[in-house]
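Novice:
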Amino acid sequence: MPLPPLEPDDRRQRQRERYCIAIITLEEHTFREMRRALTASFRVMLASTELQIKTLIDDADVHGIILDLDAIGEGASDGIEVLREMRRLRDDLILVAITESSSPELPLMASRAGADHFFLKPIDSGELTALLSQTLEKRAFQVEGQWLLQQVENRAAFCDLIGGSEAMRRVYQAIEAVAASNASVVIRGESGVGKELVARAIVGSGPRHDKPYVCLNCSALPDALIESELFGYEKGAFTGADAAKPGLIEAAHAGTLFLDEISTLAPSLQSKLLRVLQEKSVQRLGGRAAKKIDFRLISATNDDLEDMVRKGRFREDLYYRINVVPITVPPLRERATDIPRLVEHFVRLYCTANQKPPKQVQPEVMEILENYSWPGNVRELENVVQRLVLMSDSQVISAHHLPQQLLFSSAVSQEAILIPEEGVDFEAEMQRIELAYLNAAMRRTAGKKSAAAALLHIDPQKMKYLCRKRGLSSPSELG
Numbered sequence: 005m006p007l008p009p010l011e012p013d014d015r016r017q018r019q020r021e022r023y024c025i026a027i028i029t030l031e032e033h034t035f036r037e038m039r040r041a042l043t044a045s046f047r048v049m050l051a052s053t054e055l056q057i058k059t060l061i062d063d064a065d066v067h068g069i070i071l072d073l074d075a076i077g078e079g080a081s082d083g084i085e086v087l088r089e090m091r092r093l094r095d096d097l098i099l100v101a102i103t104e105s106s107s108p109e110l111p112l113m114a115s116r117a118g119a120d121h122f123f124l125k126p127i128d129s130g131e132l133t134a135l136l137s138q139t140l141e142k143r144a145f146q147v148e149g150q151w152l153l154q155q156v157e158n159r160a161a162f163c164d165l166i167g168g169s170e171a172m173r174r175v176y177q178a179i180e181a182v183a184a185s186n187a188s189v190v191i192r193g194e195s196g197v198g199k200e201l202v203a204r205a206i207v208g209s210g211p212r213h214d215k216p217y218v219c220l221n222c223s224a225l226p227d228a229l230i231e232s233e234l235f236g237y238e239k240g241a242f243t244g245a246d247a248a249k250p251g252l253i254e255a256a257h258a259g260t261l262f263l264d265e266i267s268t269l270a271p272s273l274q275s276k277l278l279r280v281l282q283e284k285s286v287q288r289l290g291g292r293a294a295k296k297i298d299f300r301l302i303s304a305t306n307d308d309l310e311d312m313v314r315k316g317r318f319r320e321d322l323y324y325r326i327n328v329v330p331i332t333v334p335p336l337r338e339r340a341t342d343i344p345r346l347v348e349h350f351v352r353l354y355c356t357a358n359q360k361p362p363k364q365v366q367p368e369v370m371e372i373l374e375n376y377s378w379p380g381n382v383r384e385l386e387n388v389v390q391r392l393v394l395m396s397d398s399q400v401i402s403a404h405h406l407p408q409q410l411l412f413s414s415a416v417s418q419e420a421i422l423i424p425e426e427g428v429d430f431e432a433e434m435q436r437i438e439l440a441y442l443n444a445a446m447r448r449t450a451g452k453k454s455a456a457a458a459l460l461h462i463d464p465q466k467m468k469y470l471c472r473k474r475g476l477s478s479p480s481e482l483g
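This is the structure we're talking about:
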């Protein structure tokens, strides 16, 4: 027969019975009295030797310690030092200090050393039991809350990527699906969305995470230099080649090569890269022998590769080689719900990096940031937050701290909401607003027109006129 469900009080009692309280004292009568009072609610144990005390600190099943300050060393002051060391070693413990010393400094000293509670002997056992129960339950809720917060943060982040929106969850799922394979991946997305972070997440989640990870931004170097950087060269291959040098493809052997802005590669380099991918080997400039290479290619672009293929600006055969698994990273404007989490992350990051106290972001600031279109995406948001942290000494980030273009954009957005492109019927809008205020005032005052007039700061005669005009004569007639 199944047991009946526990009532709330029964659950709390079961919860308390799982807690273990250790009592550190040399006085047997003190231990017996407290054990008698606490056993009904907690598991109780005694520790009176140095070895037993050390064992307590290492025991994760011990949830609270009652320390008799008079049982340590030469007296209460030595007990305070032991209390301080306990708190340093175990921040999660509930620490209760007890003593028969009436020194007025001891309660403050014990509190500063980490005690949660302080009692003078003789101890009120009922008060001690109730206080331990409340404190342990509060601590349990705090730990559970921290765990839940951690779970939320884990669900809203992946490697160094941050965001819990549905669009970002799809990116996380794609990363997990492709990480363990050797398939070539093209990461698509606008500038600043975090394509390189996605590439790092793929590598960090896969079997090549501890192997070389080599990056090259193809748009950052001229074609001749990219060729020598990618493929390497032998001594004497060209003027200035005084010694042989392996290329980045060789450096990525057994690991991953990340080519950012791959669409900017010249046609001749596209051909050479295609040959490397087909033959799994690379030949240095000026070299005669090809070297077998095992690497995974991840590339990224903010261009429309399909359109480039149609226009003959990107080789179709290379396109099919690199586009085995496409992953599209959404622009920030399509995941505005991630902005508050990103802002909090960057505020913490730059406050810590610049040794500044933590800053708070006012709700109106967050609203402006959420409504901005962010053409530069996450990179632009990060730069704005970094500027806000560095340029303001205030602990609160307010709207007047924001760059002018954000404030202007916010004002324009509000105007667009008020007056759409097709315009508005001004008279009809004013009538709608007037009726809404009249309805609200009449409801608030239970249909009393004089009270409603006072609420709207208008003359009672005008209120009667407006009610007649709108047909509002009693609460039952309010629409």
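Sequential numbering from 5 applies to the sequence shown in the working numbering. Think of the CB as a built atom: it goes at the ideal place given N, C-alpha and C, for glycine as much as any other residue.
Could you give the C-beta distance for V102 and I127, rounded to a whole number, given that I count them as a contact under 8 Å?
Specialist: Before going on, a small fix: residue 102 reads as Ile here, not Val. With 8 Å as the limit, I102 and I127 qualify as a contact, their Cβ atoms being about 6 Å apart.
Novice: Which residues share a DSSP beta bridge with S285?
Specialist: Bridge partners of S285: K296.
Novice: Cβ of V389 within 9 Å of Cβ of Y354?
Specialist: Taking 9 Å as the Cβ cut-off, V389 and Y354 qualify as a contacting pair.
Novice: Taking 8 Å as the limit between beta carbons, can you name the residues of its chain near N221, skipping five residues before and five after?
Specialist: Hits under 8 Å: D264, E265.
Novice: Would a C-beta distance cut-off of 9 Å place R192 and A304 closer than the cut-off?
Specialist: Cβ atoms of R192 and A304: closer than 9 Å.
Novice: Cβ of L394 within 9 Å of Cβ of L406?
Specialist: It is not a contact, given that the beta carbons lie outside the stated cut-off.
Novice: Which residue marks the beginning of the beta strand (DSSP E) containing T2, and which one marks its end?
Specialist: Any question about residue 2 goes unanswered here, given that the chain covers just 5 to 483.
Novice: Apart from the five residues just before and just after K276, which ones in its own chain have a Cβ nearer than 7 Å to its Cβ?
Specialist: F235.
Novice: Can you give the Cα-Cα distance for A432 and K466, rounded to whole angstroms?
Specialist: Each residue's Cα considered, the two are about 20 Å apart.
Novice: So, helix, strand or coil for D246, using DSSP?
Specialist: In the structure shown, D246 sits in coil (DSSP, three-state: anything other than H, G, I, E or B).
Novice: Can you tell me whether L55 is buried or exposed, with buried defined as 16 or more other CB within 10 angstroms of its CB?
Specialist: Exposed.
Novice: Does the region 278 to 290 come into contact with the region 241 to 261, if we say contact requires no fewer than three beta-carbon pairs (one atom in each stretch) closer than 8 Å?
Specialist: The region 278 to 290, when compared against the region 241 to 261, does touch it at the 8 Å Cβ threshold.
Novice: Give the range of the beta strand (DSSP E) segment to which G83 is assigned.
Specialist: Element bounds for G83: not the beta strand (DSSP E) but the alpha helix (DSSP H), 80 to 93.
Novice: Threshold first: 4 residues or longer. Then list the alpha helix (DSSP H) segments lying entirely within the region 35 to 73, N to C.
Specialist: If we require 4 residues or more, the alpha helix (DSSP H) runs fully inside the region 35 to 73 come out as 54 to 62.
Novice: Starting from C471, trace the alpha helix (DSSP H) in both directions and tell me its first and last residue.
Specialist: Element bounds for C471: 464 to 474.
Novice: Near A270, which residues of its chain fall below 6 Å by C-beta distance, leaving aside the five closest residues on each side in sequence?
Specialist: Counting only Cβ-Cβ distances below 6 Å, and skipping sequence neighbours, we find D227.
Novice: What whole-angstrom Cβ distance do D463 and A457 have, given they're in contact under 8 Å?
Specialist: Contact flag correct, Cβ pair sits at about 7 Å.
Novice: Which value, in whole angstroms, describes the spacing of the CA atoms of P108 and L124?
Specialist: Near 11 Å, if we compare the C-alpha coordinates of L124 and P108.
Novice: From the DSSP secondary-structure annotation, give me the bridge partner or partners of D397.
Specialist: Its beta-bridge partners do not exist; DSSP assigns none.
Novice: Between the C-alpha atoms of A26 and L87, what's the straight-line distance to the nearest angstrom?
Specialist: Their backbone Cα atoms lie some 14 Å apart in a straight line.
Novice: Give the single residue among Q366, S377, F35, L309 whose Cα lies nearest to the Cα of H404.
Specialist: Minimum Cα distance to H404 is reached at Q366.
Novice: Would the region 165 to 174 and the region 336 to 345 be scored as touching if the rule is three or more Cβ pairs under 8 Å?
Specialist: With the cut-off at 8 Å, the region 165 to 174 and the region 336 to 345 touch.
Novice: Tell me whether C355 sits in a helix, a strand or coil according to DSSP, three-state version.
Specialist: C355: helix per DSSP, three-state reduction.
Novice: Enumerate in chain order the residues of its own chain whose CB-to-CB distance from Y376 is below 6 Å, with the five nearest sequence positions on each side excluded.
Specialist: Closer than 6 Å at the Cβ level, and outside the excluded window around Y376, lie L410, S413.
Novice: Assign A184 to buried or exposed, taking buried as 16 or more other Cβ atoms, counted over all protein chains shown, within 10 Å of its Cβ.
Specialist: By the 10 Å Cβ count, A184 comes out exposed.
Novice: Which residues share a DSSP beta bridge with H121?
Specialist: According to DSSP, H121 bridges with V100.
Novice: Quick one: grab the DSSP three-state call for Y23.
Specialist: Three-state result, Y23: coil.
Novice: Could you tell me which residues DSSP pairs with V189 in its beta bridges?
Specialist: According to DSSP, V189 bridges with I302, V329.
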